[in-house]
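**Student:** Structure in structure tokens, see below.
Number of protein chains: 2
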Amino acid sequence: MLTPERHQFILELLNKHHTIKLKELVESTGASESTIRRDLDQLEQHGELRRVHGGASLRRPSIEEPSIGEKRSQHHAEKVLIAEEASRLVEDGQSIFLDAGTTTYEMVPYLAGKKITVVTNGLPHLDALATHSIPTYVLGGFVKGRTQAVVGASALQNLSQYRFDHCFMGANGVSLEDGYTTPDPEEAAIKRTTLTLSQARHMLIDASKFNEVTFSHITPISEANIITNYKGALLEQILEKTNIKVVTS
Amino acid sequence: MLTPERHQFILELLNKHHTIKLKELVESTGASESTIRRDLDQLEQHGELRRVHGGASLRRPSIEEPSIGEKRSQHHAEKVLIAEEASRLVEDGQSIFLDAGTTTYEMVPYLAGKKITVVTNGLPHLDALATHSIPTYVLGGFVKGRTQAVVGASALQNLSQYRFDHCFMGANGVSLEDGYTTPDPEEAAIKRTTLTLSQARHMLIDASKFNEVTFSHITPISEANIITNYKGALLEQILEKTNIKVVTS
DNA sequence: CAAAAATCAATCATAAACATTCAAATTCAT
DNA sequence: ATGAATTTGAATGTTTATGATTGATTTTTG
């Protein structure tokens, strides 16, 4: 049985049963335990399933499908993995900032149940946060229609009254020379100010953003940790400049 | 039975019965008491349920508050008429405040096309305003989950940087003696501050609110105009104290 | 209100599942 | 065919989930 064949087989079985034991797979494929483990690891990295003790399960064990009108962004699976990893850093009693953007949006379900306070400038986040009963403050200011983000001088001023244990932000590009960049100067300003108000600073960047540069500079690469699924050539060079957490689990 | 399988099972059973005994779960899953306890702990941690002595229950104890979507249906027709009339007061170049609430929400479509700037503390309003391409500022502050309104000290402070040609607000009760009242003191505070920042002040009150009194005082009846469909007995007495504009269908 | 019963949180031993390493087998490119 | 690269499976110590036990807490009962 060839590798892709096994992968396909595993996924099909999983979609039928929603959860699968490793032993069952060993029996039904004839492959060894180690091989199946490796298969599951790989499939998890691609966001196709979730490894659990004893086997694997669908990524969303709970019934909920992405709600109506909730358009799946590009690289959705990777973003969810990154978001999940980022959420692990948050502990009870902390206050965090969630930047507007699709990746930070995916963090919300993983923050449920934690005793935290969230500040955000992303309007779509507010609904999700309310759904999960997470105490939330929204930044005041101009509402940028297209991205549903709050920006502007008022937002910057409003922001300065908060302090954060963590901030989680997105960016459209990251490179060694130009650091983090994003297309909109207004949003860049918000991100820049937020960074100065946070004890721990985390950039959530999927692999497609690496070595990209866009219009507005946010901050040098050394100024924040990276949480990413990127495993390319720059990894070593980036590691000299900052912490980088590569999600594999 | 794998962990996520059990979790799924528990949640499904819970959604059916709204409450569940630990013993029942022990029997039906075949797992030990300790394991089920751990499961419940974990699910509670993720906000999926609420632990109670002897088992678990749905997190939202029993009855759902009428969501803003459902509330919109009460007296909907009257509110639309009032909203339309209120919108006529707004002219190009003006800045207005839209209070959180269903009646002011109905104003949004009638504001489309006007060259105005809107400030609001109602989160549902933001979507509608963006849809109609109306430049909008959102008040910063604590998000009151139930009503989707922004309130709190931060909101009050944020508010003070604006000045309005008009403010449009709702209230849950109005009476000659107690003026305007609303159940939530936090929202009342926002309304009160907004009134002091506005050249023209308008209360949008459907007939069902007349001679009602609720917990928090906003302002005396003389401090604002009323736009309403009320045509009852108090009309004459109210007219002695303030302007009242009665919309007729 | 006190005693009894039930449920709970905390701890611990154990067996299963795990990641890791390394050598053998297989596949691939030349 | 031959050497390099990849995949595989077995062996290893380590980690994790589980269920039993304990004493503490809560609820029920008399």
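Chains as they are written, first to last, in our numbering: chain X, 1 to 249; chain A, 1001 to 1249. C-beta: ideal position from N, C-alpha, C; glycine also.
Counting only Cβ pairs nearer than 9 Å, list the residues of chain X close to A:S1133.
**Tutor:** Per Cβ cutoff of 9 Å: G145.
**Student:** Pairing CB atoms from the region 1158-1169 of chain A with CB atoms from the region 1189-1198 of chain A, are three or more of them under 8 Å?
**Tutor:** Yes: at least three Cβ pairs fall under 8 Å.
**Student:** Mapping DSSP to helix, strand and coil, what is X:I238?
**Tutor:** Helix, per DSSP.
**Student:** Along the region 1179-1210 of chain A, what residues have a CB closer than 9 Å to any CB found in chain X?
**Tutor:** Within the region 1179-1210 of chain A, no residue has a Cβ that lies closer than 9 Å to any Cβ of chain X.
**Student:** Of all Cβ atoms in chain A, is any one closer than 8 Å to the Cβ of X:H46?
**Tutor:** By this cut-off, X:H46 is not an interface position.
**Student:** Could you give the DSSP three-state label for A:Y1137: helix, strand or coil?
**Tutor:** Three-state result, A:Y1137: strand.
**Student:** With the cut-off set at 8 Å, would you say X:R50 and X:E44 are in Cβ contact?
**Tutor:** Yes, these two residues count as a Cβ contact at 8 Å.
**Student:** Below 9 Å on C-beta distance, what does X:F142 contact in chain A?
**Tutor:** Neighbours of X:F142 on chain A, chain order: P1135, T1136, Y1137 and V1138.
**Student:** Could you tell me which residues DSSP pairs with X:H217 in its beta bridges?
**Tutor:** Paired residue(s): X:T181.
**Student:** Answer yes or no: does any C-beta atom of chain A fall closer than 8 Å to that of X:G94?
**Tutor:** Before going further, note that residue 94 of chain X is Gln rather than Gly in the sequence given. By this cut-off, X:Q94 is not an interface position.
**Student:** Alpha carbons only, please: which of A:I1020, A:G1101, A:A1083 and A:A1128 is nearest the one belonging to A:V1246?
**Tutor:** That would be A:A1083, whose Cα lies nearest to the Cα of A:V1246.
**Student:** Consider the Cβ of A:S1175: report whether some Cβ of chain X lies at a distance smaller than 8 Å.
**Tutor:** No, no contact with chain X.
**Student:** Using a beta-carbon distance cut-off of less than 8 Å, what residues from the region 6-19 of chain X approach chain A?
**Tutor:** Answer set for the region 6-19 of chain X: H18 and T19.
**Student:** Tell me the DSSP bridge mates of A:S1095?
**Tutor:** Its beta-bridge partners are A:T1117.
**Student:** A:E1236: buried (16+ other C-beta within 10 angstroms of its C-beta) or exposed?
**Tutor:** A:E1236 comes out exposed.
**Student:** With 16 other CB atoms within 10 Å as the buried threshold, where does A:F1168 fall?
**Tutor:** Looking at its Cβ environment, which holds 16 or more other Cβ atoms inside 10 Å, A:F1168 is buried.
**Student:** Whose Cβ in chain X lies nearer than 7 Å to the Cβ of A:T1003?
**Tutor:** Chain X residues near A:T1003: V52 and H53.
**Student:** Measuring CB to CB, does X:I205 end up less than 8 Å from X:G179?
**Tutor:** No.
**Student:** Looking at C-alpha atoms only, which residue of A:K1115, A:T1181 and A:T1193 is the closest neighbour of A:G1093?
**Tutor:** Checked all of A:K1115, A:T1181 and A:T1193; the closest Cα to A:G1093 is A:K1115.
**Student:** Where does X:Q148 sit, in a helix, a strand or coil, going by DSSP?
**Tutor:** Looking at X:Q148 - three-state DSSP - the assignment turns out to be coil, as it is neither helix nor strand.
**Student:** Should the region 102-116 of chain X be called in touch with the region 1126-1135 of chain A, which here means at least 3 C-beta pairs below 8 Å?
**Tutor:** Segments in contact, no.
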